[in-house]
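Colleague: This note's numbering puts the first residue of the sequence shown at 1, with every later residue one more than the last. Here a beta-carbon is modelled for each residue, glycine too, at the ideal position from N, C-alpha and C. Just so you know, these numbers come straight off a predicted model, no measurement behind them.
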Amino acid sequence: MSDTFYCIDNDIINKLATIDLFENTLNILNTDYNHVKILVTYKYKFGKKERKRSNQSNNYNLKKALEIANKVSKISEENINQELFIKLQNISKSLNDPNKKIDKGEAILISYLTDKNTLDSSSYLLTGDKNCLRALAIPELVEIIKPLKGKIWCFEQLILKNIDKDGFNTIQDKVYPFRDCDTYLNSVFGYIIKASEDTVKEELRKEITRLQKETGNILYPYPD
1 MSDTFYCIDN DIINKLATID LFENTLNILN TDYNHVKILV TYKYKFGKKE RKRSNQSNNY
61 NLKKALEIAN KVSKISEENI NQELFIKLQN ISKSLNDPNK KIDKGEAILI SYLTDKNTLD
121 SSSYLLTGDK NCLRALAIPE LVEIIKPLKG KIWCFEQLIL KNIDKDGFNT IQDKVYPFRD
181 CDTYLNSVFG YIIKASEDTV KEELRKEITR LQKETGNILY PYPD
């Protein structure tokens, strides 16, 4: 675990903090706060929102998310491979598909991880940005991001992994009261009435399979 890091985007931090599954997720990935990296801009972006909106932004528990952010290492634009960073941004700007886009924050994390995995590591990206995942699968980026093959976890995989590890009832009890933080969670776990275990697992697997088909081999191979 010593040379393995998990770079986590803003979306994942906010959602896992809100449904109280951040530490659970670190445990199931066999890692800890010392091996997590996030964007240095996180605390500035969401710290302002937390102060202005009394701990709520998109129904996120930003107080808890910011507490997590204070415990982990940060990545800035200065820490990364600038050539790759610029290339990712330029390619993203050239795409005309609104469902394929790499924003600046994701480009920073991807540039850092790609460079790190090329040199000496086996580190991972945890992201909730599906538009970014689709963009990474375009032909122009296949060779460039080869070091990330099988090294990316999407949000749905993390939820399913938590269910498989700790049991459906335990995870449902955490997710259901705060499902409004994410439209997809709200749909899968039930808008008004709690969805059954079979329904939730089936929907999560369907979404993961769809993403795998859209993104090639960049997602971590889970479930097998």
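S111 lies in the alpha helix (DSSP H); which residues open and close that run?
Modeller: 104-119
Colleague: C154 and L211: beta carbons closer than 8 Å?
Modeller: yes
Colleague: Would you decide whether N61 is buried or exposed? Buried here means 16 or more other CB atoms lie within 10 Å of its CB.
Modeller: buried
Colleague: If you compare alpha carbons, which of F5, D9, K15, D3 is closest to D180?
Modeller: K15
Colleague: Report yes if the CB atom of G128 is closer than 8 Å to the CB atom of D9, and no otherwise.
Modeller: Taking 8 Å as the Cβ cut-off, G128 and D9 qualify as a contacting pair.
Colleague: With DSSP as the reference, identify every bridge partner of C154, one or two as the case may be.
Modeller: According to DSSP, which records beta bridges pairwise, C154 is partnered with T127.
Colleague: Taking L136 as the reference, which of K64, V40, F168, S111 has the closest Cα?
Modeller: S111
Colleague: Flag this pair as yes or no: are the beta carbons of N131 and K161 separated by less than 8 Å?
Modeller: no
Colleague: Please determine, among K213, I218, V188, the residue with the shortest C-alpha to C-alpha distance to L204.
Modeller: The residue with the shortest Cα to Cα distance from L204 is V188.
Colleague: Quick check on D11: buried or exposed, where buried means 16 or more other Cβ atoms within 10 Å of its Cβ?
Modeller: buried
Colleague: Between the alpha carbons of L158 and S94, how many angstroms are there, rounded?
Modeller: Taking the straight line joining both Cα atoms gives about 31 Å.
Colleague: Quick one: complete alpha helix (DSSP H) runs, 4+ long, within the region 4-72?
Modeller: 10-18, 22-28, 42-52, 62-69
Colleague: So what's L95 in DSSP terms, helix, strand or just coil?
Modeller: Assignment of L95 by DSSP, reduced to helix, strand and coil, places it in the coil class.
Colleague: Since V142 is in the alpha helix (DSSP H), which residue starts that stretch and which ends it?
Modeller: No alpha helix (DSSP H) holds V142; DSSP gives it neither H nor E.
Colleague: Secondary structure at I163, three-state DSSP: helix, strand or coil?
Modeller: helix
Colleague: From the DSSP output, in three-state form, read off I193 for me.
Modeller: coil
Colleague: Using 8 Å as the threshold, is the C-beta distance between L29 and I108 below it?
Modeller: no
Colleague: H35: which of T4, F178, I171 sits nearest, CA to CA?
Modeller: T4
Colleague: Quick check on S76: buried or exposed, where buried means 16 or more other Cβ atoms within 10 Å of its Cβ?
Modeller: Per the 10 Å Cβ criterion, exposed.
Colleague: Does the separation of the CB atoms of F46 and A17 fall below 8 Å?
Modeller: no
Colleague: When the Cα atoms are used, what is the spatial distance from E156 to T25?
Modeller: So the two alpha carbons sit approximately 12 Å from each other.
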